[in-house]
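> One structure follows; several queries about it will come next.
Residue numbers (the working numbering), protein chains in the order written: chain V, 7 to 225; chain W, 810 to 1150.
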């Protein structure tokens, strides 16, 4: 699904922040990406979501060499990758409902065809009462749940989540984790970047550990 | 992994509004991208608003004014050209060995014999003296001066007399006679009319270019201001056309508003000028202005032209913003080019 071969990344003329990364994200797999702050977790996620190009090495996504993906193919590739950003990236002028429905809206789907799905998912993540309010009035945890719901709504092939439980209390973190697990059961490959050991201990999943730009994998 | 079942939803059902998704129609067909709250994915307030509409209104006003002026000048020049072309002059210089009156009669007879001639009028001594009055003063006795005499020849409408043959016949049979078909004047007027039209079209082109550039800069500004929204749209899988449409709809609405205001103001100005010109027709001042500039009436073609300019400016603005967004978005669609994530 996603494979990295000897991938290295440096910003400008600085030192490599990621070195010799070789790993695969298999279809329908579940893994945590962890490591200390500044280890390069977000950079690695950005490489996986094709927002960054590696300085060296080969990135393949959906059996396609990333450098061979044309501009016209890029939107369809992105539609198969759900992303939860650490800073949520909700559109502040749209309601929670509209933010979550955005991936379906841009695909040109009729609102009547997805209304019940969006409403159901919002209730599931505990935002049923907040679906018609604007993000600025949501708490950090609520924003995070809205961002997660937006990434899940179209059942992506791959879900990349950057600290998705960073702003929620432990019970809600467990609840969200179950949501990711449920998504994984339906066939999505899930990669969760986190340094929350308690969260990782809750399920027995593969761990990709980044340390000083190098990757160790614990299957 | 745990096989723990997912908990049931805890929240009460929300009574979501049951209104159907609104449809939005812009140039290019029905688009299913309206949010049910009526909000826009790219907020209207984030796109340069009032100032851009005013700039476009001014541009449209100038463009329509130029178009009206071109039409008015072209009409006036055409009328002058027509008036002059329907009359030629025969001039007879005085010769001692021949009586002037006889020469004039012979010339008049000769010219009247050609096809396409409606009427030949000889200017008598009084009329000739009146013509010279501005230069030589009143009370002139032209018998004492060797003054050339004139015959005005009216040409039938649509006829094209053989001026070369008339000229040759006059020179052969009436010594001192020459024919002036006003060709030089007509040529100058034609050249002037074309020059004015060319200048008008150049001004029109400049105004439209300035409009395009204004919209390009405004679109770039709007895109810079909405960079985060564009990136989010990208990550959720929006393609360039979807993003371009979000900006295009704003610019089409803004430009249509501005162009309508500008075009409307120009049309109103022409109506006022035409009414004023009609009211002051009998006055000397009004007649002078009418002789120079015509009646300021641009006719239905002129108003149609203004409507077309308004539509062209609105569509041009929408198209320009679309192209600008598409150019920028296609850069973003390149692998590894999104920097803000």
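All C-beta atoms in this analysis are idealised placements derived from N, C-alpha and C, irrespective of residue type, glycine included.
Between the alpha carbons of residue 1144 of chain W and residue 75 of chain V, how many angstroms are there, rounded?
If you take the alpha carbons of residue 1144 of chain W and residue 75 of chain V, they lie about 7 Å apart.
> Find the residues of chain V that neighbour residue 1038 of chain W, judging by a C-beta separation of less than 7 Å, and give them in chain order.
Within 7 Å Cβ-Cβ: 97.
> Taking C-beta pairs closer than 8 Å, name the residues in chain V that residue 1134 of chain W reaches, listed in chain order.
Within chain V, no residue comes near residue 1134 of chain W; the closest Cβ sits about 14 Å away, beyond 8 Å.
> Quick one: residues in its chain with C-beta nearer than 7 Å to the C-beta of residue 1133 of chain W, no 5 flanking neighbours on either side, listed in chain order?
1025, 1028, 1029.
> What is the residue span of the alpha helix (DSSP H) that residue 881 of chain W lies within?
Element bounds for residue 881 of chain W: 859-894.
> In the structure shown, what three-state DSSP assignment does residue 224 of chain V receive?
If DSSP states are grouped into helix, strand and coil, residue 224 of chain V belongs with the strands.
> Is there at least one Cβ from chain V nearer than 9 Å to residue 1143 of chain W's Cβ?
With 9 Å as the cut-off, residue 1143 of chain W counts as an interface residue toward chain V.
> Within 9 Å (strictly less), CB to CB, does residue 81 of chain V reach chain W?
Yes, residue 81 of chain V lies at the interface with chain W (some Cβ there is under 9 Å from its Cβ).
> What ranges does the alpha helix (DSSP H) occupy inside the segment 127-184 of chain V, keeping only unbroken runs of at least 4 residues that lie completely in it?
Runs found: 146-158.
> Are the C-beta atoms of residue 1056 of chain W and some chain V residue less than 9 Å apart?
Not closer than 9 Å to any Cβ of chain V, the Cβ of residue 1056 of chain W fails to qualify, so no.
> For residue 1059 of chain W and chain V, any beta-carbon pair shorter than 9 Å?
No, residue 1059 of chain W lies away from the interface with chain V (no Cβ there is under 9 Å from its Cβ).
> Going straight from the alpha carbon of residue 805 of chain W to that of residue 1061 of chain W, what length do you get?
Only positions 810 to 1150 of chain W appear in the structure, and residue 805 of chain W is not among them; the question remains open.
> Could you pull the start and end residues of the beta strand (DSSP E) that residue 30 of chain V belongs to?
Taken as a continuous stretch (DSSP letters only), the beta strand (DSSP E) holding residue 30 of chain V covers 22-31.
> In chain order, what residues of the same chain have a beta carbon less than 6 Å from the beta carbon of residue 39 of chain V, not counting five sequence neighbours either side?
Here the set comprises 47, 197, 199, 214.
> Looking at the C-beta of residue 205 of chain V, does it have a partner C-beta in chain W at a distance below 9 Å?
Cβ-Cβ to chain W under 9 Å: no for residue 205 of chain V.
> Apart from the five residues just before and just after residue 83 of chain V, which ones in its own chain have a Cβ nearer than 8 Å to its Cβ?
Cβ neighbours of residue 83 of chain V beyond the five flanking positions: 56, 67, 68, 70, 75.
> Name the two residues that bound the continuous alpha helix (DSSP H) containing residue 961 of chain W.
That residue, residue 961 of chain W, is in no alpha helix (DSSP H); its beta strand (DSSP E) goes 958-964.
> Let me know the secondary structure DSSP gives residue 1107 of chain W once reduced to three states.
The answer is coil: DSSP assigns residue 1107 of chain W none of H, G, I, E or B.
> Would you mind working out which of V:221, V:162, V:191, V:106 sits nearest residue 850 of chain W, comparing C-alpha positions?
When each option's Cα is compared against that of residue 850 of chain W, the closest is V:106.
> Taking 9 Å as the CB-CB limit, is residue 1047 of chain W close to chain V?
Chain V contact via Cβ: present.
> Output the boundary residues of the beta strand (DSSP E) element that contains residue 217 of chain V.
Taken as a continuous stretch (DSSP letters only), the beta strand (DSSP E) holding residue 217 of chain V covers 212-217.
> Where residue 24 of chain V and residue 217 of chain V are concerned, what is the direct C-alpha to C-alpha distance, given to the nearest angstrom?
Going from the Cα of residue 24 of chain V to the Cα of residue 217 of chain V covers about 9 Å.
> Kindly say whether residue 156 of chain V, judged by its beta-carbon, lies nearer than 9 Å to any beta-carbon of chain W.
It does; some Cβ of chain W falls within 9 Å.
> Check whether chain W comes within 9 Å of residue 19 of chain V, counting only Cβ atoms and requiring the distance to be less than that.
Not closer than 9 Å to any Cβ of chain W, the Cβ of residue 19 of chain V fails to qualify, so no.
> Taking the DSSP output, what are the residues bridged to residue 64 of chain V?
In DSSP, residue 64 of chain V forms a bridge with V:11.
> Beta-carbon of residue 84 of chain V versus every beta-carbon of chain W: anything under 9 Å?
It does: the Cβ of residue 84 of chain V has a partner Cβ on chain W nearer than 9 Å.
> Could you please give the first and the last residue of the uninterrupted alpha helix (DSSP H) stretch that includes residue 1069 of chain W?
1049-1088 is the extent of the alpha helix (DSSP H) around residue 1069 of chain W.
> Per DSSP, what kind of secondary structure is residue 110 of chain V in: helix, strand or coil?
Reduced to three states, the DSSP call for residue 110 of chain V is helix.
> Out of V:30, V:31, V:91, state which residue places its alpha-carbon closest to the alpha-carbon of residue 146 of chain V.
With distances taken between Cα atoms, residue 146 of chain V lies closest to V:91.
> Quick one: is residue 170 of chain V near chain W, going by C-beta distance under 9 Å?
Not closer than 9 Å to any Cβ of chain W, the Cβ of residue 170 of chain V fails to qualify, so no.
> Taking a cut of 7 Å between CB atoms, which residues from the segment 93-124 of chain V lie near chain W?
Residues passing the 7 Å Cβ filter: 95, 97, 99, 100, 101, 104, 108, 109, 111, 112, 113, 114, 116, 117, 118, 121.
> With distances taken between CB atoms, is the gap from residue 9 of chain V to residue 29 of chain V smaller than 9 Å?
Yes, the pair counts as a contact, with Cβ atoms nearer than the cut-off.
> Among all the DSSP beta bridges, which residues are the ones paired with residue 94 of chain V?
Bridge partners of residue 94 of chain V: none, in fact.
> Identify the contact partners of residue 77 of chain V in chain W, using a Cβ-Cβ distance below 7 Å as the criterion.
Within chain W, the residues near residue 77 of chain V are 1139, 1142, 1143.
> Could you name the residues of the segment 39-61 of chain V whose beta carbon sits closer than 9 Å to any beta carbon of chain W, in the order they occur along the chain?
Residues 48, 51, 52, 53, 55, 56, 57, 58, 59, 60.
> At the 9 Å Cβ level, is residue 179 of chain V part of the contact set with chain W, yes or no?
For residue 179 of chain V, the answer is no, since every Cβ of chain W falls outside 9 Å of its Cβ.
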